[in-house]
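All residue numbers for the sequence shown refer to this note's numbering, where the first residue is 10 and numbers rise by one.
Just below is one structure, and these are the notes that go with it.
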Amino acid sequence: MNIVDEIQRLKQDRNAVILVHNYQLPEVQDIADFVGDSLGLSIQAAGTDARVIVFCGVHFMAETAKILSPDKTVLLPDIESGCPMADMITARDMKELKKRHKGATFLCYVNTSAEVKAECDLCCTSANAESMVRDLAKKGEKVVFVPDQHLAGYAAEKTGCDIIAYNGFCPTHARIKPEDVLKQKALHPNAVVLAHPECPSMVRALADKVVSTEIMCMYAHDMKSDEFIVSTEVGIIHRLKKENPGKRFYPASEEAVCPNMKRNTLEKVFVSLTEMSHQITLSRDTMHRARKCIRRMLEYRA
Ligand code: 13P
Ligand code: SF4
């Protein structure tokens, strides 16, 4: 039996579901029950009937799955697959911020630890940050957004809301430079440019659409154009090509690789299901406090 068949057999035995982020390795995407963005994966994790969730993504995503399905076993095949952006803010930093901005609403990106979420009022993904900020602005609330300064900047631009932003950023999206996009545009003048809101503002400004990874897949499918320049992590190109065989996709920069997203290999998925490792555990109190801010996130389906 090859490793893919072994994984399928173990999956049945364990009553497991395999959830995979759009940036994962191609061969890992190919064994998934569901491939998607942070919002879609959270919705799947909250609704699955399986007993075990194998989460091929990064640590905060597996934590979010555990918070939404606390009675299930959530496995992260490589426990070292963290998110450097999420690590840029701690619960202690949050407590300091809350002292400095009394009365504000604290909105965190899903790319945060459970402990940081537990200190926040609301949580969003790149798919629904804009609509959440718009609703908060309508209510006249002062918004503090953590940790991504670029997603905060994007939401502020789109809504006109005066957001107080933390200074975190994604090191992978920071590798995409405006000159990379301009070079691709010169090579492919008819291509539509799609960018993730984690990109710096000068890269976002060169895009036709600034959207989450799932909405990128939707645009690639629905738009008439058959050429796209993609300003995000290169792993998504696999799914885009697979779902749109007649279209062409050009990464804005081959340097936009998130090493953490590449840590979950097929071999580690196999070991994970064999040994039931690595299990995500969180204190009941942290889960309870973090769940309150995550629940609202699921109500805003972009
Ligand atoms: P989405 O897939 O939710 O757009 O987010 C990308 C990301 O930051 C994954 O780390
Ligand atoms: Fe974190 Fe950026 Fe990697 Fe996403 S792509 S997991 S935000 S470092």
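We put the CB at the ideal spot given by N, CA and C, even for glycine.
Open item on the list: DSSP three-state label for residue 165, please.
Closed with: helix
TODO: Flag residue 270 as yes when its Cβ comes closer than 7 Å to any non-hydrogen atom of the ligand SF4, and as no otherwise.
DONE: yes
Task: Distance cut-off 7 Å: residue 73 Cβ against heavy atoms of the ligand SF4 - done: no
Open item on the list: Let me check one thing: in DSSP terms, what residues is residue 295 bridge-paired to?
Closed with: According to DSSP, which records beta bridges pairwise, residue 295 is partnered with nothing at all.
Open item on the list: Give me, in chain order, the residues of the same chain whose beta-carbon lies closer than 7 Å to that of residue 307; leave out the 5 immediate sequence neighbours on both sides.
Closed with: 51, 52, 55
TODO: Going by DSSP, name the residue or residues bridged to residue 260.
DONE: 239
Task: Selection from 36, 241, 221 that minimises the alpha carbon distance to residue 183 - done: 241
Open item on the list: Could you compute how far the alpha carbon of residue 161 sits from the alpha carbon of residue 285?
Closed with: 37 Å
Open item on the list: So the candidates are 287, 100, 118; which of them puts its Cα closest to the Cα of residue 86?
Closed with: 287
Task: heavy atom of the ligand SF4 below 7 Å from residue 182 C-beta - done: Yes, since a heavy atom of the ligand SF4 falls inside the 7 Å radius drawn around the Cβ of residue 182.
Open item on the list: Closer than 8 Å is the cut-off here; do at least three beta carbon pairs connect the region 20-31 with the region 106-114?
Closed with: no
Task: Rounded separation between residue 126 and residue 156 - CA only - done: 11 Å
TODO: Consider the C-beta atom of residue 302 and the heavy atoms of the ligand 13P; say whether any pair is separated by less than 7 Å.
DONE: No, the Cβ of residue 302 stays beyond 7 Å of every heavy atom of the ligand 13P.
Task: Cα-Cα separation between residue 248 and residue 309, rounded to whole angstroms - done: Taking the straight line joining both Cα atoms gives about 24 Å.
Open item on the list: Could you pull the DSSP bridge partners for residue 82 from this structure?
Closed with: Here residue 82 is bridged, per DSSP, to 61.
Open item on the list: Given the structure, does residue 226 come close to the ligand 13P, in the sense that its CB is under 7 Å from one of the ligand's heavy atoms?
Closed with: no
Task: Residues proximal to the ligand 13P by C-beta, any heavy atom closer than 5 Å - done: 46, 47, 134, 135, 221, 222
TODO: With DSSP collapsed to three states, give me the class of residue 52.
DONE: Look at residue 52 here: in three-state DSSP terms it is helix.
Open item on the list: Quick check on DSSP: helix, strand or coil for residue 41?
Closed with: Coil at residue 41, not helix or strand.
- [ ] Measure the alpha-carbon distance for residue 299 versus residue 97 and round it to whole angstroms.
- [x] 18 Å
- [ ] Note the first and the last residue of the continuous beta strand (DSSP E) segment covering residue 27.
- [x] 25-30
- [ ] Just the C-alpha distance for residue 103 and residue 128, rounded to the nearest angstrom, thanks.
- [x] 7 Å
Open item on the list: Is the separation between the beta-carbon of residue 115 and that of residue 130 shorter than 8 Å?
Closed with: yes
- [ ] Keeping to the same chain, check which residues put their C-beta closer than 7 Å to that of residue 190; ignore five residues upstream and five downstream.
- [x] Sequence-distant Cβ neighbours of residue 190 in its own chain, meaning closer than 7 Å and more than five residues away, are 202, 212, 215, 238, 240, 261.
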